[in-house]
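Peer 1: End of the sequence shown sits at 332 in my numbering; the numbers just go up one at a time, nothing left out.
Note that CB positions come from ideal geometry on N, CA and C, so glycine has one too.
Supplied in structure tokens, the structure appears directly below.
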Amino acid sequence: KKRIVSGVQPTGSIHLGNYLGAIKNWIAFQDTYDTFFFIVDLHAITLPYDPQQLAKATRETAAIYLACGIDTSKASVFLQSNVRAHVELMWLLSSATPIGWLNRMIQFKEKSRKAGDENVGVALLTYPVLMASDILLYQSDFVPVGEDQKQHLELTRELAERVNYLYGGRKWKKLGGRGGPIFKVPEPLIPPAGARVMSLTDGLSKMSKSSPSDQSRINLLDSKDMIANKIKRCKTDSFSCLEFDNPERPECNNLLSVYQLISGKTKEEVQLECQDMNWGTFKSILADALIDHLHPIQVRYGEIISDSAYLDKVLDEGANRASEVADTTLNNVYQAMGFLRR
Ligand code: TYM
């Protein structure tokens, strides 16, 4: 079976961008692939944070995965920090990562510019190395993510190739090692629609957990009234009809795409259905579709989050399964890099 891994950071609340760009797409892979879905709690401490909040958001994110339809009889669901190999491999990989590669990462540049050098922890810079280790430990074939993770995936691929070259290829064989590549080089899976869900208040910036305005995003756990209210107030334009793909109308394209994905209709169907609508009519249809789609997820979430014994068991089992795979890779890397193993 081909293998798939992916994860979401437990920072803030999980929103429609995380859902449409990532989690919703994971569900379809469970039957045909060997899947590992983690909650990347270690990634959530790269900017100042509150420990109590982290613990709470970590459980909530795990419960959201399950509520969205991740089936633990098929997929391994676990916390990144519960599988020690992630941090260990990160150290080994960081020795093979040129600092220039990390300095070039767009997310690092954006986030560090905002915070200022003296306030930026080293972990913000080395974050993509931890992400590479999340992926490479499982010898993953594919990584389903939104558009904003593309550059991190590219770095992961380059790093895998570099380590394979430095320690896994002919060079190592000559020294008496097993030879052969150490890591599989993974491919990103970026969905054709939903890879970049935009903010409700500005169609040119992406929907994000870190935006100070809650009006800019639909959180998966927002109440009916909040959803209706956010859609009612969201930014539109003064053109008369509705259409996809007009670069002058980013908000229109975004809202139609969200409706398309949430309703399960095709782009052509949505185009036909909505082209003659005014904003008022469309907004109420969109709000209803969102509420209907999210309601069953919210009901299941309520059940799961209140059963902490069940959640603990799921995460324990997931971590055990993941550790088996991760430890095998980690041991191979140690060996290939010249460490003596007991
Ligand atoms: P994070 O937590 O920022 O986002 C989780 C997933 O949601 C996607 N996403 C979006 N998709 C569409 N539109 C948006 N507005 C939007 N915002 C976020 C992201 O692309 C991502 O797929 N570094 C990662 C987490 C990570 C990871 C990994 C992912 C750590 N290790 C290994 C895959 C494999 C992150 O911060 O995602």
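The alpha helix (DSSP H) spanning D215 covers which residue range?
Peer 2: On the sequence shown, residue 215 is found 225 positions in, with the first residue counted as 1. Taken as a continuous stretch (DSSP letters only), the alpha helix (DSSP H) holding D215 covers 214 to 223.
Peer 1: Taking just the CA atoms, how far does L6 sit from F19?
Peer 2: Looking up residue 19 in the sequence shown gives position 29. Looking up residue 6 in the sequence shown gives position 16. Their backbone Cα atoms lie some 19 Å apart in a straight line.
Peer 1: Please determine whether the Cβ atom of K104 lies at a distance below 7 Å from any heavy atom of ligand 1.
Peer 2: For this step, residue 104 is matched to residue 114 along the sequence shown. No, Cβ of K104 sits at least 7 Å from all heavy atoms of ligand 1.
Peer 1: Comparing the CB of A197 with every heavy atom of ligand 1, is any distance shorter than 7 Å?
Peer 2: Counting from one through the sequence shown, the residue named residue 197 turns up at place 207. The question names Ala, yet the displayed sequence has Met at residue 197. Checking the Cβ of M197 against ligand 1 gives yes.
Peer 1: Does any heavy atom of ligand 1 sit closer than 7 Å to the C-beta of A183?
Peer 2: The residue labelled residue 183 in the question sits at position 193 within the sequence shown. Outside the cutoff, so no.
Peer 1: What is the DSSP secondary structure of D345, counted as helix, strand or coil?
Peer 2: For residue 345 there is no data in the structure shown, the boundaries of the chain being -9 and 332.
Peer 1: Consider the C-beta atom of G270 and the heavy atoms of ligand 1; say whether any pair is separated by less than 7 Å.
Peer 2: The residue labelled residue 270 in the question sits at position 280 within the sequence shown. Checking every heavy atom of ligand 1 against the Cβ of G270, none is found closer than 7 Å.
Peer 1: Drop a sphere of 10 angstroms on the beta-carbon of S203, count the other beta-carbons inside from all chains shown, and report buried for 16 or more, exposed for fewer.
Peer 2: Here the question's residue 203 lines up with position 213 in the sequence shown. That one is exposed.
Peer 1: Got a sec: does ligand 1 put a non-hydrogen atom nearer than 7 Å to the Cβ of V67?
Peer 2: Sequence index remark: in the sequence shown, residue 67 carries index 77 (1-based). Checking every heavy atom of ligand 1 against the Cβ of V67, none is found closer than 7 Å.
Peer 1: Measure the alpha-carbon distance for G11 versus L330 and round it to whole angstroms.
Peer 2: Counting from 1 along the sequence shown, the entry for residue 11 is found at position 21. Counting from 1 along the sequence shown, the entry for residue 330 is found at position 340. When rounded, the distance between both Cα atoms is 42 Å.
Peer 1: When you compare the CB positions of R36 and G90, do they come within less than 8 Å of one another, or not?
Peer 2: By one-based count along the sequence shown, residue 36 stands at place 46. By one-based count along the sequence shown, residue 90 stands at place 100. The sequence shown places Thr at residue 36, not Arg. It is not a contact, given that the beta carbons lie outside the stated cut-off.
Peer 1: Using 7 Å as the cut-off, classify the Cβ of G11 as near or not near the heavy atoms of ligand 1, replying yes or no.
Peer 2: For the purposes of this step, residue 11 is taken as residue 21 along the sequence shown, with counting starting at 1. Yes.
Peer 1: Within the same chain, show all residues whose beta-carbon is closer than 8 Å to that of Q42, passing over the 5 residues directly before and after it, in chain order.
Peer 2: As a working mapping, residue 42 is identified with position 52 in the sequence shown. Nothing listed; no residue qualifies.
Peer 1: Just checking my contact of P240 with G193 at CB under 8 Å: how many whole Å lie between their CB atoms?
Peer 2: Sequence index remark: in the sequence shown, residue 240 carries index 250 (1-based). Sequence index remark: in the sequence shown, residue 193 carries index 203 (1-based). Going by Cβ atoms, the distance from P240 to G193 rounds to 3 Å, so yes, they are a contact pair.
Peer 1: Please name the residue or residues paired with E314 in a DSSP beta bridge.
Peer 2: For the purposes of this step, residue 314 is taken as the residue at position 324 of the sequence shown. Bridge partners of E314: none, in fact.
Peer 1: Assuming P176 and D131 form a contact by the criterion Cβ under 8 Å, report the distance between their Cβ atoms to the nearest whole angstrom.
Peer 2: For the purposes of this step, residue 176 is taken as residue 186 along the sequence shown, with counting starting at 1. For the purposes of this step, residue 131 is taken as residue 141 along the sequence shown, with counting starting at 1. With 8 Å as the limit, P176 and D131 qualify as a contact, their Cβ atoms being about 6 Å apart.
Peer 1: So is the beta-carbon of R49 under 7 Å away from any non-hydrogen atom of ligand 1?
Peer 2: Counting from one through the sequence shown, the residue named residue 49 turns up at place 59. R49 Cβ: outside cutoff for every heavy atom of ligand 1.
Peer 1: In whole angstroms, what is the alpha-carbon distance linking C231 and Y249?
Peer 2: For this step, residue 231 is matched to residue 241 along the sequence shown. For this step, residue 249 is matched to residue 259 along the sequence shown. Each residue's alpha carbon lies about 16 Å from the other.
Peer 1: Mind checking who F28 pairs with in its DSSP beta bridge?
Peer 2: The residue you call residue 28 lines up with position 38 of the sequence shown. DSSP output for F28 lists G(-3), F68 as bridge partner(s).
Peer 1: Three or more beta-carbon pairs under 8 Å between the region 300 to 311 and the region 59 to 73, yes or no?
Peer 2: yes
Peer 1: Distance check for Y291 and D31, CA to CA, integer angstroms please.
Peer 2: Residue numbering aside, residue 31 sits at position 41 when the sequence shown is read from its first letter. Residue numbering aside, residue 291 sits at position 301 when the sequence shown is read from its first letter. Approximately 19 Å between the Cα atoms of the pair.
Peer 1: Who are the Cβ neighbours of M121 in its own chain at under 6 Å, not counting the five residues just before and after it?
Peer 2: For the purposes of this step, residue 121 is taken as residue 131 along the sequence shown, with counting starting at 1. Correct list, in chain order: H142.
Peer 1: For the beta strand (DSSP E) containing V133, list its first residue and its last residue.
Peer 2: Within the sequence shown, the letter at position 143 stands for residue 133. Unbroken beta strand (DSSP E) run through V133: 132 to 134.
Peer 1: Sorry if obvious, but does the Cβ on Q250 come closer than 7 Å to a heavy atom of ligand 1?
Peer 2: Residue mapping note: residue 250 aligns to position 260 of the sequence shown, counting from 1. Answer for Q250: no, Cβ out of range of ligand 1.
Peer 1: Taking the alpha helix (DSSP H) that L145 belongs to, which residues open and close that run?
Peer 2: By one-based count along the sequence shown, residue 145 stands at place 155. First-last of the alpha helix (DSSP H) with L145: 140 to 153.
Peer 1: May I ask you to check if the CB of G7 is nearer than 7 Å to at least one heavy atom of ligand 1?
Peer 2: For this step, residue 7 is matched to residue 17 along the sequence shown. Yes - ligand 1 has a heavy atom lying nearer than 7 Å to the Cβ of G7.
Peer 1: With a threshold of 16 other CB atoms inside 10 Å of the CB of T256, please say whether the residue is buried or exposed.
Peer 2: As a position in the sequence shown, residue 256 is number 266, starting the count at 1. Classification for T256: exposed.
Peer 1: Give the single residue among I60, L56, S3, H283 whose Cα lies nearest to the Cα of D21.
Peer 2: Within the sequence shown, residue 21 is the residue found at index 31, counting from 1. For the residues I60, L56, S3, H283, the minimum Cα distance to D21 belongs to I60.
Peer 1: Taking all protein chains shown into account, do 16 or more other C-beta atoms lie within 10 angstroms of the C-beta of S247, making it buried, or fewer, making it exposed?
Peer 2: Indexing the sequence shown from 1 puts residue 247 at position 257. Looking at its Cβ environment, which holds 16 or more other Cβ atoms inside 10 Å, S247 is buried.
Peer 1: Closer than 8 Å is the cut-off here; do at least three beta carbon pairs connect the region 268 to 280 with the region 214 to 233?
Peer 2: yes
Peer 1: Is the CB-CB distance between V133 and S(-4) below 8 Å?
Peer 2: Taking the first residue of the sequence shown as position 1, residue 133 is located at position 143. Taking the first residue of the sequence shown as position 1, residue -4 is located at position 6. Taking 8 Å as the Cβ cut-off, V133 and S(-4) qualify as a contacting pair.
Peer 1: May I ask you to report which of helix, strand or coil DSSP gives L37?
Peer 2: Indexing the sequence shown from 1 puts residue 37 at position 47. L37 falls in the coil class under three-state DSSP.
Peer 1: Just confirm the distance between the C-beta atoms of V323 and L149, as a whole number of angstroms; I'd bet it's less than 8 Å.
Peer 2: As a position in the sequence shown, residue 323 is number 333, starting the count at 1. As a position in the sequence shown, residue 149 is number 159, starting the count at 1. Not a contact, Cβ separation roughly 12 Å.
Peer 1: Assign L262 to buried or exposed, taking buried as 16 or more other Cβ atoms, counted over all protein chains shown, within 10 Å of its Cβ.
Peer 2: In the sequence shown, counting from the first residue as 1, residue 262 sits at position 272. Exposed: under 16 other Cβ atoms inside 10 Å.
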